[in-house]
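Chains as they are written, first to last, in our numbering: chain A, 3 to 348; chain B, 1251 to 1321.
Ideal placement from N, C-alpha and C gives every residue a C-beta, glycine not left out.
In this text, all values refer to a predicted model and were calculated from it rather than measured experimentally.
Report on one structure; see the data block that follows.
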Ligand code: SF4
Ligand code: SF4
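Structure follows, in structure tokens:
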């Protein structure tokens, strides 16, 4: 990562490469797929890119390796300073929300690193996504440095600098396009599959009691067949709903889930009848209620990953969704029990 | 395609009297909620607001109030 040193009035400063080595790329993939992602930190302080001097811009970023790597690889052929602040190894947006990418930390680092002796100007460039944690006028008041908010995406930085700190509307916009949603989905699926496991187990127990005369092999086959719609529901809730998000009717994530849940219930009921497993209304209704509940909860859960939902909105949805889902799944589970083993209970 | 979330739930409020039209809020907003109208800030797209609080924190005269959720 370091390719040399630059001497300044306050001593030598590390010079950073603007390309990623194989090791960096491997490390980045490693941090990305790990569920606990915040264990890869960069040392805080000032770094140099290219051959900066007293007039070169100063960029501020988080001490999360992935963020730092994303930034430096966009800075080829530029001369500037980077000030890494302590965000506890969390990316800029999340750290700003938690307040660790914040006013106080920036003021502290600007003072500690003696930035005034490194540059002659009084500008700090911050990523726009850090703004929720930062009060620009407060930083100015305490350090004399003026905060300039750069673009949302690191790739726009060269153009932003070249045009004299002019951001186009595009540069200021947070998108949530198909690709953004796609990269989020695998992790959501894996996390949610933990809850899926109990469904085949419960179905197996019910089928075992109801189908005592069928023999274990038939019971197992039936259980597997009956579990498939549920596996489908988890995949749909974590993968299909996020991907199709903008084209599913309704603005509310829960209602989007309900729509898709009902469709999936009807599709699976139709297939079930084609396979002639049996025809029991009560089982179809039970399946429908539980499948729709699962997809609804998973859809609502995706508000946590989306970039366009507000806290008040999510609260509003959560408050009405949960009572309905709990009621629906209770009725669903009870119908399933009655449908499967009701005659044996009587 | 622009995503839209629930209507009329965002808590953003703007005090036009205090506003000095510095555009800071417009610069920091990731969802283009605000614009300038007659040299003052104006809430153009309230339903795009995600309550991140960036405008609130960066307004030098405290003209914007957002209840930003932690998380
Ligand atoms: S809270 Fe965030 S999204 Fe809402 S207007 Fe302010 S800056 Fe924009
Ligand atoms: S930051 Fe405050 S003073 Fe500046 S335009 Fe926005 S509301 Fe007005």
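- Residue burial is scored here from C-beta neighbours: residue 1308 (chain B) has at least 16 other C-beta atoms within 10 angstroms and is therefore classed as buried.
- Residue 130 (chain A) places its beta carbon less than 8 Å from that of residue 1278 (chain B).
- The alpha-carbon separation between residue 54 (chain A) and residue 83 (chain A) amounts to approximately 7 Å.
- Note on residue 299 (chain A): 16 or more other CB atoms within 10 angstroms of its CB, so buried under the neighbour-count rule.
- Under the DSSP assignment, residue 205 (chain A) falls in the alpha helix (DSSP H) whose first and last residues are 200-212.
- Look at residue 217 (chain A) here: in three-state DSSP terms it is coil, with no helix or strand label.
- For residue 311 (chain A), the closest Cβ of chain B is nearer than 8 Å.
- About 18 Å separates the beta carbon of residue 87 (chain A) from that of residue 119 (chain A), a gap too long to meet the 8 Å contact definition.
- Contact annotation: residue 162 (chain A) and residue 198 (chain A) have beta-carbon atoms that are not nearer than 8 Å.
- DSSP lists A:14 as the bridge partner or partners of residue 9 (chain A).
- Not one heavy atom of ligand 1 lies closer than 7 Å to the C-beta of residue 334 (chain A).
- When 8 Å is used as the limit between beta carbons, residue 315 (chain A) is near these residues of chain B: 1255, 1256, 1259 and 1260, in chain order.
- Taking all protein chains in view, the Cβ of residue 269 (chain A) is surrounded by fewer than 16 other Cβ atoms within 10 Å, so the residue is classified as exposed.
- Taking CB atoms only, residue 1291 (chain B) has no neighbour in chain A less than 8 Å away.
- Secondary structure at residue 281 (chain A): coil, using DSSP grouped into helix, strand and coil.
- Of the heavy atoms belonging to ligand 1, at least one sits nearer than 7 Å to the Cβ of residue 1279 (chain B).
- DSSP places residue 3 (chain A) outside both helix and strand once states are collapsed to three, so it counts as coil.
- For residue 1291 (chain B), the CB stays at least 7 Å from every heavy atom of ligand 1.
- In the structure shown, the three-state DSSP call for residue 125 (chain A) is strand.
- Among the residues facing chain B, residue 147 (chain A) is not included, as its CB has no counterpart in that chain under 8 Å away.
- Only those residues of the segment 124-143 of chain A whose C-beta falls short of 8 Å from the nearest C-beta of chain B are listed: 130, 131, 133, 134, 135, 136, 137, 138 and 139.
- Between residue 1301 (chain B) and residue 312 (chain A) the beta-carbon gap is near 4 Å, inside 8 Å, which marks them as a contact.
- Distance from the C-beta of residue 1309 (chain B) to the nearest heavy atom of ligand 1 is not below 7 Å.
- At a cut-off of 8 Å between beta-carbon atoms, residue 1282 (chain B) makes contact with chain A.
- Ranking A:317, A:324 and A:281 by CA distance to the CA of residue 294 (chain A) puts A:324 first.
- Looking from the CA of residue 90 (chain A), the closest CA among A:71, A:63 and A:115 belongs to A:63.
- Around the beta carbon of residue 112 (chain A), 16 or more other beta carbons lie within 10 angstroms, which makes this residue buried.
- Looking only at A:116, A:157 and A:152, the smallest Cα-Cα distance to residue 10 (chain A) is reached by A:116.
- Bounds of the alpha helix (DSSP H) holding residue 69 (chain A) are 67-74.
- Using a CB distance cut-off of 8 Å, residue 1287 (chain B) does not count as an interface residue toward chain A.
- The alpha carbon of residue 22 (chain A) has as its nearest neighbour, out of A:316, A:69 and A:48, the alpha carbon of A:69.
- Scanning its chain for C-beta atoms nearer than 6 Å, with the 5 sequence neighbours on each side dropped, one finds around residue 286 (chain A) the residues 271, in chain order.
- At a cut-off of 8 Å, the C-beta of residue 269 (chain A) has no neighbouring C-beta in chain B.
- Residue state for residue 265 (chain A) is assigned as helix, using DSSP reduced to three classes.
- Distance from the Cα of residue 4 (chain A) is smallest, within the candidate group A:103, A:242, A:49 and A:193, for A:49.
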